[in-house]
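> Handing you this structure, nothing more for now.
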Amino acid sequence: MSDRKPAGWNVAAPRSAGVGLRGAHHDAWLRQGARTGWLEAHAENHFALGGPLQGLLESLHDDHPLALHGVGLSLGNLEPLDPRHLAHWRRLIDRHDPCVVSEHLCWGACDGVHFNDLLPLPFTEEALQHVAVRVREFQDVIGRRVLIENVSSYVRYAESALEEWEFLAALVERSGCGLLLDINNVFVNACNHGYDATRFLRALPSEAIGEIHLAGHAMQTDGERVMRIDTHDRPVSDAVWDLYRLALRVHGRVPTLIEWDADLPPLEKLVAEARRADAIAIEVCGD
Amino acid sequence: MTDLRAWQADFAATLRAPQAPAGGMGVYHANHRANFRRALALAYPALERLVGADYFTQLSDEFQACTPSRSGDLHHAGAPFPAFVRAHFAAPRFAAARYRCLADVAELEWAHQESWLAADATPLDLGTLRDIAAADWPSLRWVLHPSLRLLHLASPVHAIWLANCRAADAALETPAIELGEGAQNLRLGRAGETVLVRVLSDGADAFWRGLAAGATLAEATDAALAREPDFDLTAQLTAAFGDGMVTGCELRSSGLGSPAENT
C-alpha cells in the first residue's frame, strides 16, 4: 500500500440512508438542499475535465457527504487497468474528497472491446487471485481502501470452486478491500441460482461491510424459468427489505443507499425509500 | 490464466454475435446493446428525434457492431458516430436533402457534447485590453476557451438542431428551417452552464479559425477581410468577449516569438 492516504481514508458514510445521484434529479437537489444523509454519484459521470457537472458535485457536497461509485473500471478484466480511467479516478478523488469509494466485482472488456456492463466472474481460485491483485493496484493508485460490490448475475460458471460469499470474504482478506453489500443483488442471485440468501448474508465478515445498496428488480419469464433482473426501476421489494432487516441484525447498522436508475420517479419517492431504510435500521439496531 | 481467459473470450463472442442467445446470456446480450444505445441517445437527442426511436436503435446496433466501445467510460463511444451517420446516409436511396443534413446534425451534437465537457477556464474581461497599448493590439494572439469548437457544415443545421432538441423550451425562438440555404459556419463554446451556438459569416469563420490556429489579431482580421470585405471586427470582438471565448492574450515581439505579456 502506498503512503498516499489523504484525509478521508476509511471515513464511513453517515448512518442515515442516502440515495444515488441521477441526472434527472440534479435540479431538484440543487433547489431544495439537504434531504437525505448522503449522496452517491457514479464516478464516470463526472470524469469530464470541466463543465457544470464538476461544479454541481461541489455544490451538492456542501450540503451532503458524497460517495463515488465506479461502474467502468472492470477489475476482473485480464487486460491491464486503463491508466486514463485510473487518472480520472485520482483527479476526481483529489477534487471532491469522497467519504466512500466503491467499485464492482466484475469484468467488462475483452481484447480491447468494452461491453460497459457488470459481467460476472467465475468464482475460482484463479479469478480470486487475479481480482485481488487488481483491487490492491486500484487502492494503491487512489490511496484509499475501496469497497467492492457483489453484482447480480444471470449465468453461472459450472466449475466455480467457491461460493460467491466465500469468494468475497477471501477477496477482503487478500486485498484489504471492504465490501459494498448489495442486498438486492444477493436476492436476485439467490433466486436465479437456487441458493439461500440468508446463508450468503450470514457468511460475510461484518467488519468489512462498509455500505449496503438497496434497489428494485424485475421478473422475466424465459420459457418455464422465472429470472430476476436487477433493473433498478422500481421500489425495493418486500423480500429485499426482509433481508435488509436480517443483514442489520447480523452485521449491525451499516450506511445504506437507495439506487434507482431507470423510470425514475420524483426525488421524493427515493427520499421516502431512504427514510424507510432509516426506520428499519432504528427498529433493528436502536437509535 | 487459461480458464478465465477462455471464459471471458467465449462470453465476449456470445455478446458480440448478432443472434441473441436464450436464457441468462440473452439478458447480457440485450444489456450490451441497450447500454450503448442509451449513451448514444444522450449525446444525439436531436438525431434520435429526427430519425425516430426505432431507426435510431438500428443505427446504434450497426454502429456498435463495427465500432464497439473502447473504454470503460461510455461517454467516448459516440465520437466516431457522425462519420458513421455520414457514410450510412451517403447511399443513393438517401439522396434527398432531408437525409443529407442528418450527418451534419450529428456533427453538431458531438461538438456540443465536447464543448459541454471541456476543461474550465476563466474568461478574460474586455477591460484587460485597456492595459495594452492600442498600437500593440494587432500583434496580440488570443488564448481561446477550451470549449470552443468551429464547424463548417454543408446544410443549415442550426435551425434544425434548435427545433429538434430544444423545442420544449418555449422561450427560445426557433428560426424557420430552409434546407436550400446551403452551408453554415458555427461557433460553439460554453458560457456558464450553457453551450452557446453562434452562426458565423464566412469572414467571421475565417477570423475565428485564424485565432484558433494562433494567428495575431491583424492576421486573423486580414484573413476575414479576404473572405468578406464587409467583415465587422468590432462585432466579433464584442461577441468573443461577451461569450467568454477569450481566456488570455499574449503579445509577441515581431519575429521573436517571445511572450512580452501574458495574462
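From first to last, the protein sequence lines stand for chains A and B.
Reminder that position 172 of the first sequence reads as 159 in our numbering, one-by-one numbering, no gaps.
Reminder that position 231 of the second sequence reads as 211 in our numbering, one-by-one numbering, no gaps.
Cβ atoms here follow ideal geometry from the backbone N, Cα and C, with glycine treated the same way.
Any idea what DSSP makes of residue 94/A, helix, strand or coil?
DSSP places residue 94/A in strand when its eight states are reduced to three.
> List, in order along the chain, the chain A residues whose C-beta lies closer than 8 Å to that of residue -15/B?
Chain A residues near residue -15/B: 65.
> Between residue 12/B and residue 40/B, what straight-line distance do the alpha-carbon atoms span, to the nearest angstrom?
Rounded to the nearest angstrom, the two C-alpha atoms are 11 Å apart.
> Which bits of chain A does residue 98/B rub up against, with CB to CB less than 9 Å?
Residues of chain A passing the Cβ test: 35, 36, 37, 38.
> Comparing C-alpha positions only, which one of 194/B, 20/B, 43/B sits nearest to residue -2/B?
Cα-wise, what sits closest to residue -2/B is 43/B.
> Identify, in the order they occur along the chain, each residue of the same chain with its Cβ nearer than 7 Å to the Cβ of residue 154/A, setting aside the five sequence neighbours on each side.
Taken in chain order, the residues that qualify are 110, 115.
> In chain order, which beta strand (DSSP E) runs of at least 3 residues are fully inside the region 199 to 256 of chain A?
Listed in chain order, they are 205 to 209, 212 to 216, 243 to 245.
> Given residue 163/B, which residues of its chain have a CB within under 7 Å of its CB, disregarding the five upstream and five downstream residues?
Cβ neighbours of residue 163/B beyond the five flanking positions: 132, 133, 134.
> DSSP on residue 139/A, reduced to helix/strand/coil?
DSSP places residue 139/A in coil when its eight states are reduced to three.
> Would you grab the beta carbon distance between residue 103/A and residue 165/B for me? Rounded to a whole angstrom, and I think it's under 8 Å.
With 8 Å as the limit, residue 103/A and residue 165/B do not qualify as a contact, their Cβ atoms being about 35 Å apart.
> When you compare the region 214 to 229 of chain A with the region 24 to 33 of chain A, are there three or more beta-carbon pairs, one atom per stretch, that lie closer than 8 Å?
At 8 Å Cβ cutoff, the stretches do not touch.
> Give me, in chain order, the residues of the same chain whose beta-carbon lies closer than 7 Å to that of residue 137/B; leave out the 5 immediate sequence neighbours on both sides.
Same-chain partners within the cutoff: 81, 84, 85, 88, 164.
> Considering Cα atoms alone, identify which of 140/B, 101/B, 120/B, 98/B is closest to residue 78/B.
Per the Cα distances, 140/B.
> Identify every residue that forms a DSSP beta bridge with residue 275/A.
The requested residue 275/A is not part of the displayed model; chain A covers only -12 to 274.
> Could you tell me whether the region 169 to 180 of chain B touches the region 194 to 208 of chain B, where touching means 3 or more Cβ pairs closer than 8 Å?
Taking 8 Å as the limit for Cβ pairs, the verdict is that the region 194 to 208 of chain B does not touch the region 169 to 180 of chain B.
> Does the separation of the CB atoms of residue 90/B and residue 48/B fall below 7 Å?
No, they are not a contact pair.
> Quick check on residue 226/B: does DSSP put it in helix, strand or coil?
DSSP places residue 226/B in strand when its eight states are reduced to three.
> Ordered along the chain, which non-local residues of its own chain (more than five positions away) have a Cβ less than 8 Å from that of residue 51/B?
Around residue 51/B: 57.
> Tell me where the alpha helix (DSSP H) around residue 188/B begins and ends.
182 to 192 is the span of the alpha helix (DSSP H), which, as asked, contains residue 188/B.
> DSSP on residue 152/A, reduced to helix/strand/coil?
Here residue 152/A sits in helix by DSSP.
> Among residues of its own chain, excluding the 5 on either side of residue 190/A, which ones have a beta-carbon nearer than 6 Å to its beta-carbon?
Result list for residue 190/A: 152, in chain order.
> Assign residue 36/A to one of two classes, buried (16 or more other C-beta atoms within 10 Å of its C-beta) or exposed (fewer than that).
By the 10 Å Cβ count, residue 36/A comes out exposed.
> Just reading off the beta strand (DSSP E) that residue 82/B is part of, what are its end residues?
Per DSSP, residue 82/B belongs to no beta strand (DSSP E); it is in the alpha helix (DSSP H), 77 to 97.
> Pull out every residue of the region 4 to 25 of chain B whose Cβ sits closer than 7 Å to any Cβ of chain D, in chain order.
Absent from the structure is chain D; the protein chains it does hold are A and B.
> Give me the Cβ distance between residue 138/A and residue 105/A, rounded to the nearest whole Å; I'm assuming they're in contact under 8 Å.
That pair is a contact at about 4 Å.
> When DSSP labels each residue in this structure, what does residue -1/B get in the three-state scheme?
Three-state DSSP puts residue -1/B in coil, outside helix and strand.
> With 7 Å set as the bound, which would you pick, yes or no: does the beta-carbon of residue 60/A sit closer than that to a beta-carbon of chain B?
Yes, its Cβ sits closer than 7 Å to a Cβ of chain B.
> Rounded to the nearest angstrom, what separates residue 246/A and residue 233/A at their Cα positions?
Spanning the two alpha carbons is a distance of roughly 20 Å.
> Whole angstroms is fine: what's the gap from residue 170/B's alpha carbon to residue 93/B's?
Cα-Cα distance, rounded: 10 Å.
> Would a C-beta distance cut-off of 7 Å place residue 98/B and residue 127/B closer than the cut-off?
Yes, the pair counts as a contact, with Cβ atoms nearer than the cut-off.
> Give the straight-line distance between the Cα atoms of residue 45/B and residue 38/B, rounded to the nearest whole angstrom.
Spanning the two alpha carbons is a distance of roughly 11 Å.
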